[in-house]
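So the number in this note's numbering is just where the residue sits in the sequence shown, counting from 1, plus 78. One structure is given below, encoded as structure tokens.
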Amino acid sequence: EDSLDPEEWKEVAEEFIVPELANNGLVGEMCRAAGLRTWVGGNIGNPLIADLDRIEPDDWVVMELSSFQLEVMTASPHVAAVLNITPNHLDRHKTMEAYIAAKRNIVAHQKPEDFALLGYDDANARALALETAAHLLWFSGGAEVDEGAFKTNGELTLRLDGALPAASGGAGGVDRVICQASEVRLRGRHNLLNVLAACVLAGVAGVPVEAMRQVATTFTGVEHRLELIRELNSVQWYDDSIATAPERSLAALRSFDEPIVLLAGGRDKKLSWEEFAAETVRRVRQLITFGEAGPMIAQVVGERLSRGVREQRSKGAGEREARLEGITQVGTLEEAVEAAARLAQPGEVVLLSPGGTSFDAFRDFAERGDRFKELVRAL
79 EDSLDPEEWK
89 EVAEEFIVPE
99 LANNGLVGEM
109 CRAAGLRTWV
119 GGNIGNPLIA
129 DLDRIEPDDW
139 VVMELSSFQL
149 EVMTASPHVA
159 AVLNITPNHL
169 DRHKTMEAYI
179 AAKRNIVAHQ
189 KPEDFALLGY
199 DDANARALAL
209 ETAAHLLWFS
219 GGAEVDEGAF
229 KTNGELTLRL
239 DGALPAASGG
249 AGGVDRVICQ
259 ASEVRLRGRH
269 NLLNVLAACV
279 LAGVAGVPVE
289 AMRQVATTFT
299 GVEHRLELIR
309 ELNSVQWYDD
319 SIATAPERSL
329 AALRSFDEPI
339 VLLAGGRDKK
349 LSWEEFAAET
359 VRRVRQLITF
369 GEAGPMIAQV
379 VGERLSRGVR
389 EQRSKGAGER
399 EARLEGITQV
409 GTLEEAVEAA
419 ARLAQPGEVV
429 LLSPGGTSFD
439 AFRDFAERGD
449 RFKELVRAL
């Protein structure tokens, strides 16, 4: 991981850093589409330490910071974004309160001339409004926010104050339609929210709506994040190796209407798997578990399936709520891919969205995703 000590971070952050969490690829592409010299990196497998000497004061840097990095920070950036805060890394932080406290540092030291973009639909992110002195911006998938971006009536709308840099591109002061929600190429509601957040951040950087629209309607994703690898025998194979917590796997599952063959496993971070289990029973046809957490995941999902069957029997005949037909336990990712190839049927999706970290067998999520792609392309 790249990391700066607090004093180095303070010097850099006050000048030009724009950290944000989870959708830096979109922001970077929007800035580049507008002709802005832009650097993208941080806690996504692209350290920026080696590039510090080449980054100039007028450049824009879009950087993802993890809670591990944020917990030692004593300065906040000029523009910060927190999209949501769901349970993660509790094996390190121990409590949700400590995890939120680490995330808080990204906005806690901001000044009135800074900007904080918060996810309006997420209670934990919304609560950070009380922790910052920055100018508040919002994004929402359903609520019409005072300033920021939102989705209503099937349209993505940008609403920024005329004093912001985006005003020079025609985005400030009035509502501007970015595009129709149906035009966004990325799958899933969570990615629609990512697009909204990216547009606000790009607007702060002075990107015109036309450039936002171009990226929003053509961007197909970042590696290892719901990345379509191939279609074989009418089965689509997706790499979502970035999903290192059950909450992230939930977002992936909810992105598909097709029956799913799910590969889940890795190393557990002491998080709850109950909601994951319930959604797996509803949306997944075949579950394949692997790695250290494989037996635990299989047990939790199996118990949820059995409980649902008992509840259904007690209600009598009716609509079958469970889609899950089987659970297969294997040891390795290689065995998981073999099982998926055997079990998947035409018209289905095979999804690697592990819910656990990669550290039981790989260096990081990227190495796990790369190995998955090798295996899938060799089928």
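Cβ coordinates follow ideal geometry from the N, Cα and C atoms, glycine included.
Find the nearest neighbour of ALA371 within the set MET290, ASN162, TRP351 and VAL282, judged by alpha-carbon distance.
-> TRP351
How do the stretch 334-349 and the stretch 413-427 stand: do at least 3 beta-carbon pairs fall below 8 Å, yes or no?
-> yes
Given ASN202 as reference, the closest of ARG237, PRO125 and ALA159 once Cα atoms are compared | ALA159
Can you tell which of ALA227, THR230, LEU196 and PRO190 has its C-alpha closest to the C-alpha of ALA211?
-> PRO190
Where are the beta strand (DSSP E) runs, 3 residues long or more, that stay fully inside the stretch 359-431, in chain order?
-> 362-368 and 404-407
Could you say which of LYS229, VAL282, ARG449 and ASP253 lies nearest to VAL262 if we only look at CA atoms?
-> LYS229
Cβ atoms of GLN377 and THR406: under 8 Å apart, would you say?
-> no
Within 10 angstroms of the Cβ of GLY220, are there 16 or more other Cβ atoms? Answer buried if so, exposed if not.
-> exposed
Do the CB positions of PHE443 and ILE256 come within less than 8 Å of each other?
-> no
Three-state class that DSSP yields for ASP253 in the structure shown | strand
Shortest alpha-carbon distance to VAL139 belongs to which of LEU148, ALA153, PRO155 and THR116?
-> THR116
Cβ-Cβ distance between GLU209 and ARG182 below 8 Å | yes
Ignoring anything shorter than 4 residues or poking outside the stretch 248-329, list the alpha helix (DSSP H) runs there in chain order.
-> 267-282 and 287-294
Can you tell which of VAL415, CYS109, GLU452 and LEU457 has its C-alpha closest to the C-alpha of CYS277?
-> CYS109
Exposed or buried, what is LYS451 when buried is set at 16 or more other beta-carbons lying within 10 Å of its beta-carbon?
-> buried
Going by other Cβ atoms of all chains shown within 10 Å of its Cβ, with 16 needed for buried, is ILE127 buried or exposed?
-> exposed
Taking Cβ positions, are ALA180 and GLU142 nearer each other than 8 Å?
-> no
Measuring CB to CB, does ALA280 end up less than 8 Å from MET290?
-> yes
Give the straight-line distance between the Cα atoms of ARG132 and GLY119, rounded to the nearest whole angstrom.
-> 14 Å
Output the residue ranges of the alpha helix (DSSP H) runs that lie fully inside the stretch 171-236 and measure 4 residues or longer, sorted by chain position.
-> 174-186 and 201-205
Given ARG401, which residues of its chain have a CB within under 8 Å of its CB, disregarding the five upstream and five downstream residues?
-> PRO337, VAL359, ARG360, ARG361, VAL362 and ARG363
Using only alpha-carbon positions, find the residue among LEU453, THR367 and GLY404 that is nearest to SER384.
-> GLY404
With a Cβ-Cβ cutoff of 8 Å, do THR322 and PRO432 count as a contact?
-> yes
Residues bridged to LEU143 by DSSP?
-> Answer is none; LEU143 lacks a bridge partner.
Straight-line CA distance for ALA355 to ASN162?
-> 21 Å
Between the CA atoms of LYS348 and PRO373 - distance to the nearest angstrom | 14 Å
Does the distance from the CB of GLN188 to the CB of SER154 come in under 8 Å?
-> yes
Count the other CB atoms within 10 Å of the CB of GLY103; is the residue buried (16 or more) or exposed (fewer)?
-> buried
Going by C-alpha distance, which of THR296, SER260, LEU196 and ARG449 is nearest VAL157?
-> LEU196
Of all the options ARG332, TRP315 and GLU353, which has the alpha carbon lying nearest to the alpha carbon of VAL454?
-> TRP315
Does DSSP classify SER246 as helix, strand or coil?
-> Unreliable positioning characterises SER246 in this predicted model, as indicated by a pLDDT of 41, which lies under 50. The coordinate reading is nonetheless provided below. Helix.
For LEU206 and ASP200, the rounded distance between their alpha carbons = 10 Å
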